[in-house]
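**Student:**
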Amino acid sequence: MPLQASYEIESVFFRYGSLRSEGPWALNDITLRVHAREILGIVGPNGSGKTSLLKVLAKIVRPQKGTIALYGQSLEAAAQEEVARQVAYVPQDNQPTFSFTVAETVLMGRFPHRHRSRWGYGFGWDSRDDWAIASQAMTTMDVTHLAERSIMDLSGGERQRTVIARALAQTPKVLLLDEPTAFLDLQHQLEICSVLRSLKEDRGLTIIIVSHDLNVASQYCDRLVMLKEGAIFATGRPMEVMRPDVLQSVYGCAVLVDAHPESGLPRITLPREGVRSRQS
Amino acid sequence: MTFSPPPASSFSDRASNASSHKSVPLENVADVLTVGTAVLTRSRWFRVMAILLTAAFVLTILCLQVGTRYVSMGEIMRTLGRAVGLFTIDGNESQITTDAIVLHLRMPRVFLGFLVGIALASVGVVLQALLRNPLADPYILGVSSGSALGVSLAVLFGVGTTAWAIPALPICGFFGGLLALFILYRMSATSDRLPVHSVLLAGVILNAIFSALIMFVTSIMEPNRSFSMMAWLMGSLAAPGDQTTLWFSAYLAICLGLLFRQVGVLNIMTLGEEPARSLGIDTERAKRHMLMTAALVTGAVVSVSGMIGFIGMVIPHAMRLLLGADHRLLLPASAIAGGAFLMTADAFARSFFAPSELPVGIMTALAGGPFFIYLLMWKKDRLS
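Going down the list, the sequences are from chains A and B. Read in order, the letters of the first sequence are residues 99 to 378 in the numbering used here. Read in order, the letters of the second sequence are residues 172 to 555 in the numbering used here.
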């Protein structure tokens, strides 16, 4: 059954720096097809290009070579606002400089949908629809009780949930999340994973997650992409990718892989090797 | 109106609510988000602006009263009435004197003070947002030093002393500013980007170089000229003539219009360039336009009135502490506050040691410093 593609990525090369810089490629010949309505996990060691790939998909940076099509349209040709209406990006860290309130921050997610007049971006008052959507996003991410608080006063996890709410307020078709569970406590980790699941199932979103946490990736993603040094090492379902031999080649260390007692999906555990060598 | 979060529900409820198209009743939603200072509403914007504009108007009248000769409120109102044509002109001597003082001496000065204050405060707000630095001020780009150098060179070569060349001083200053802007851009722009840290660094370097040159120029000038040069550098609203003021106002109206029309973008730009891009802003174009316009405004302001400090950095900061960080209110509010503040400071500067004048830059620092300390103590928890 042919699945509709959300992203079709062809031979993308990307490196940081200006147009004329030389240096190693952060993304080295990436060809990938992301299906619509799937949760895709991007995993790999530090420096393997996970965040770069996400930024390229959000059109935050431009690849030097290659093409990307989003729902059939060329990403290169699309205007930044057009992309922002369809794709929401949640960065890994969010250090605020000014003390906007949580409500104001979430409302910023409505900016791409604001009407542009000839007089620049105009004044941009928020409409009642904007308030409704933002309010719903805040409820989903459990930050409504923080609405009047300044974003600078929040804990890392609360700030992360606020920024995810901002992305939800963009009402995107694609959600790109960089380490969404990094600062979250257990309860909120579970919540966000179930929120993402239901967004995919009920609203038909495509969700792409970068995660260091292999177990989160394994449990909650439909497919995984394993990157190594900027290139794709393996793609497939968690069962196929989370294998000891694959993990050994990519991460350079042996890990234990067994089945999660409830779901049967791969569960990755660190071995006792480190402890043993210190004792001897 | 008290604010209470919705009753606790399980994860799956919340998740399925998020994904269903069941809408929350809009009246409750509006309440939830507009209570207190959670978000900026139209009514709050109008309220704050009305208060600020009224205060500014009252201060204007008070400033017109103050000077070498005190003019009472009643006399001011009658003068204004005569100017507008409401009252008839009797032609008696005290009326003519009062009219001359208020309309031809003080009004232009008060007007210029308000204008310069608006310009400095607006540029301060824009630069703090673009450079993501609450300590940025209009002089951080180095364009102001370029303008000051232009004016000092003009004074050194005697350009400003001949009668016909009175508007020439600001023109020289303006070209100095343009030169500085050109150098700034060449130093910091790469082939496709204008990195913020490069701009900041280039500004610091330009300030250092131009300041050294200004000191050199001042040192080789004739002593009496060098003294008035230093006084001017500290900021003065006395120098420009009416024609300069008129050109300056027209120029400012255009540039500030360009800046103000981008106010919707400023909030998003404070998030950082990558989040701003993810929300649909062409950050390179926005940065370029706004930095250029801010630099052009600063260059013009310094050419006309010297380097009046404190307003560009502290007024935006103070307004942010009082009103919140939303630039849709912050920008116009800071502009009005900056204008009123400078106008008032100038009124003190010209009347404290009447008939001689204190440089207004000293007044702004002396008056504003303690006020800002007070504000910081009061709002310690809402810094920046």
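Don't be surprised by glycine CBs; every beta carbon is placed ideally from N, CA and C. Because the structure is a prediction, the values reported are computed rather than measured.
Does methionine 239(A) come out as helix, strand or coil in the three-state DSSP assignment?
**Tutor:** Coil, per DSSP.
**Student:** Please report the Cβ distance between glycine 348(B) and valine 473(B), rounded to the nearest whole angstrom; I am assuming they are in contact, meaning their Cβ atoms lie under 8 angstroms.
**Tutor:** Contact flag correct, Cβ pair sits at about 7 angstroms.
**Student:** Mark tyrosine 545(B) as exposed unless 16 or more other C-beta atoms lie within 10 angstroms of its C-beta, in which case mark it buried.
**Tutor:** exposed
**Student:** Is any beta-carbon of chain A found at less than 8 angstroms from that of alanine 496(B)?
**Tutor:** yes
**Student:** Since alanine 325(B) and cysteine 343(B) are thought to touch, with beta carbons under 8 angstroms apart, how far apart are those beta carbons, to the nearest angstrom?
**Tutor:** 4 angstroms
**Student:** Distance cutoff 8 angstroms, beta carbons only. Does serine 449(B) sit that close to anything in chain A?
**Tutor:** yes
**Student:** In chain order, what residues of the same chain lie with their CB nearer than 7 angstroms to the CB of serine 407(B), ignoring the 5 residues before and after it?
**Tutor:** Ser476, Gly477, Pro530, Val531
**Student:** Going by beta-carbon coordinates alone, are alanine 201(A) and alanine 209(B) separated by less than 8 angstroms?
**Tutor:** For alanine 201(A) and alanine 209(B), yes; Cβs fall inside 8 angstroms.
**Student:** Beta-carbon of phenylalanine 198(A) versus every beta-carbon of chain B: anything under 8 angstroms?
**Tutor:** Yes, contact with chain B.
**Student:** Drop a sphere of 10 angstroms on the beta-carbon of leucine 388(A), count the other beta-carbons inside from all chains shown, and report buried for 16 or more, exposed for fewer.
**Tutor:** Given a span of 99 to 378 for chain A in the structure shown, any question on residue 388(A) remains unanswerable.
**Student:** Three Cβ pairs or more, each shorter than 8 angstroms: is that satisfied between the stretch 120 to 139 of chain A and the stretch 294 to 305 of chain A?
**Tutor:** The stretch 120 to 139 of chain A is in contact with the stretch 294 to 305 of chain A.
**Student:** Alpha carbon to alpha carbon, what distance is there between serine 293(B) and histidine 488(B)?
**Tutor:** Going from the Cα of histidine 488(B) to the Cα of serine 293(B) covers about 12 angstroms.
**Student:** Please decide whether isoleucine 158(A) counts as near chain B, where near means a Cβ-Cβ distance under 8 angstroms.
**Tutor:** yes
**Student:** Roughly how many angstroms separate the alpha carbons of threonine 416(B) and proline 279(B), rounded to a whole number?
**Tutor:** 8 angstroms
**Student:** List, in order along the chain, the chain B residues whose C-beta lies closer than 8 angstroms to that of proline 210(A)?
**Tutor:** Leu450, Gly451
**Student:** So if I threshold CB-CB distances at 7 angstroms, which residues from the stretch 241 to 255 of chain A count as touching chain B?
**Tutor:** Thr242, His243, Ala245, Glu246, Ser248
**Student:** Does the Cβ-Cβ distance between glutamate 179(A) and glycine 451(B) come in under 8 angstroms?
**Tutor:** Yes, the pair counts as a contact, with Cβ atoms nearer than the cut-off.
**Student:** Quick check on glutamate 455(B) - is its C-beta less than 8 angstroms from some C-beta in chain A?
**Tutor:** no
**Student:** So who's on the other strand from glutamate 108(A), going by DSSP bridges?
**Tutor:** DSSP, once it has assigned bridges, lists Thr165(A) as partnering glutamate 108(A).
**Student:** Per the DSSP calculation, lysine 326(A) is bridged to which residue(s)?
**Tutor:** Ala329(A)
**Student:** Can you tell which of Ser369(B), Phe346(B), Phe345(B) has the C-alpha that lies nearest to the C-alpha of tyrosine 356(B)?
**Tutor:** Tyrosine 356(B) has its Cα closest to that of Ser369(B), out of Ser369(B), Phe346(B), Phe345(B).
**Student:** Could you work out which residues of chain B lie near leucine 151(A), taking near to mean beta carbons separated by less than 8 angstroms?
**Tutor:** Within chain B, no C-beta atom comes nearer than 8 angstroms to that of leucine 151(A); the closest sits roughly 14 angstroms away.
**Student:** Could you have a look at glutamine 317(A) and say whether DSSP puts it in helix, strand or coil?
**Tutor:** Here glutamine 317(A) sits in helix by DSSP.
**Student:** Considering only C-alpha positions, which residue in the set Arg257(A), Lys298(A), Ala267(A) is nearest to serine 286(A)?
**Tutor:** Note that residue 286(A) is histidine in the sequence shown here, rather than serine. When only C-alpha atoms are compared, the closest one is Arg257(A).
**Student:** With a threshold of 6 angstroms on Cβ separation, who are the neighbours of proline 380(A) within its own chain once the five nearest residues in sequence on each side are excluded?
**Tutor:** Because residue 380(A) is not part of the residues shown, which for chain A are 99 to 378, the question remains open.
**Student:** Around the Cβ of tryptophan 549(B), are there at least 16 other Cβ atoms within 10 angstroms (buried) or fewer (exposed)?
**Tutor:** exposed
**Student:** Should histidine 498(B) be labelled buried (16 or more other beta-carbon atoms within 10 Å of its own) or exposed?
**Tutor:** Under a 10 Å Cβ-count criterion, histidine 498(B) is classified as buried, with 16 or more other Cβ atoms of the shown protein chains found around its own Cβ.
**Student:** Hey, would you say isoleucine 479(B) sits closer than 8 angstroms to valine 287(B), going by beta carbons?
**Tutor:** yes
**Student:** Is there a Cβ from chain A that is less than 8 angstroms from the Cβ of alanine 292(B)?
**Tutor:** Answer no: the Cβ-Cβ gap between alanine 292(B) and chain A never drops below 8 angstroms.
**Student:** Here's the rule: buried if 16 or more other CB atoms are within 10 angstroms of the residue's CB, otherwise exposed. What is valine 293(A)?
**Tutor:** buried
**Student:** Which whole-angstrom value describes the C-beta separation of isoleucine 140(A) and leucine 125(A), a residue pair presumed to lie in contact below a C-beta threshold of 8 angstroms?
**Tutor:** Isoleucine 140(A) to leucine 125(A), Cβ: 11 angstroms. No contact.
**Student:** Out of Glu360(A), Val353(A), Ala357(A), point me to the one whose CA is closest to arginine 370(A)'s CA.
**Tutor:** Val353(A)
**Student:** Have a look at Val272(A), Ala235(A), Gln268(A) and flag the residue whose alpha-carbon is nearest the alpha-carbon of arginine 259(A).
**Tutor:** Ala235(A)
**Student:** How many angstroms separate the CA atom of lysine 193(B) from the CA atom of alanine 230(A)?
**Tutor:** Because lysine 193(B) sits at a pLDDT of 37, beneath the cut-off of 50, its placement in the model cannot be relied upon, and the point is left open.
**Student:** Roughly how far, in whole angstroms, is the beta-carbon of glycine 284(B) from the beta-carbon of methionine 514(B), given that I think they are within contact range, below 8 angstroms?
**Tutor:** 4 angstroms
**Student:** So, is the C-beta of proline 305(B) closer than 8 angstroms to a C-beta in chain A?
**Tutor:** yes
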